[in-house]
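Quick note: the sequence shown uses numbering that gives the first Met the number 0, first residue 0, plus one each step.
For every residue, glycine included, the Cβ atom is placed at its ideal position computed from N, Cα and C.
Here's the structure we're looking at; comments come further down.
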Amino acid sequence: MRRNLSLILGAVFFIAIFSVNSTFAEIKVAIVDVNEVVENYQEFKDGLDKLKTDFIAKQTDLDDKMRQLAEKEANLKKTASVMDDSKKEQVRAELEAEFQKLQKLFNEYQMDLSEKEKNLFEKLEQKVLFVVEDIAKDKKYTVVLKKQATLYYDKSLDITKQVQDRLYK
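Shown next, in the form of structure tokens:
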């Protein structure tokens with residue numbers, strides 16, 4: 000009885016291992032460098048150019064305001080000798096408040112730019128993922144991985160060029 004049970008368990012184990020190996024043989028894997036696809040996508044480049052143009056305009060405006068602030072500070076230094084102490088402190092406090100306001104505005108501009116870049120990337124990444132899904136269905140890939148999440152892969156698994164060709168046309 001014990002021997003029969005051992006034979007049955009051994010047979011089940013053998014069948015299980017054999018069926019797992021045959022299942023793995025049917026898996027078809029591909030790798031895509033999503034960052035490369037998005038960063039080389041003309042729509043992404045155009046979007047970045049527009050964002051940078053907008054940022055440069057804001058930066059130019061900030062630079063003008065900083066120049067005006069520097070002129071006010073230089074004017075304070077020239078006229079400080081004829082001002083009373085309370086007036087000097089008041090003007091210095093106003094200049095400091097204006098400077099902090101400009102710094103805050105600059106930080107807001109940078110954060111806004113970063114957020115818009117991130118949103119642009121994510122929007123275009125979705126387009127890339129739809130193309131990847133179409134290619135995966137057409138070519139019967141079981142799994143498609145991002146290159147950035149893969150430690151090692153054979154270069155023959157890379158379908159980045161196919162994704163670019165389909166997306167860019």
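Can you round the beta-carbon distance between residue i and residue j to whole angstroms, since I take them to be within the 8 Å contact cut?
| i | j | result |
| --- | --- | --- |
| L156 | V28 | 6 Å |
| V31 | T159 | 5 Å |
| V130 | R165 | 5 Å |
| Q147 | N34 | 7 Å |
| E107 | L50 | No, E107 and L50 are not in contact; Cβ-Cβ is about 15 Å, not under 8 Å. |
Taking 8 Å as the threshold (C-beta atoms), are residue j and residue i in contact?
| i | j | result |
| --- | --- | --- |
| E72 | L94 | yes |
| L112 | F54 | yes |
| M104 | L61 | Here the sequence assigns Leu to residue 104, which means Met is not the residue at that position. Yes. Within cutoff. |
| Y40 | Y167 | yes |
Check the Cβ-Cβ distances between residue i and every residue of chain C, and say whether any is below 8 Å.
| i | result |
| --- | --- |
| Q109 | Among the protein chains of the structure shown there is no chain C, as only one such chain exists. |
Can you tell me whether DSSP reads residue i as helix, strand or coil?
| i | result |
| --- | --- |
| I26 | coil |
| D157 | strand |
| L144 | strand |
Note to self: So, does the region 92-109 touch the region 60-74, judging by three or more C-beta pairs under 8 Å?
What the structure shows: yes
- prompt: Which parts of the region 48-131 are runs of the alpha helix (DSSP H), unbroken and 4 residues or longer, counting only runs that do not cross its ends?
  reply: none
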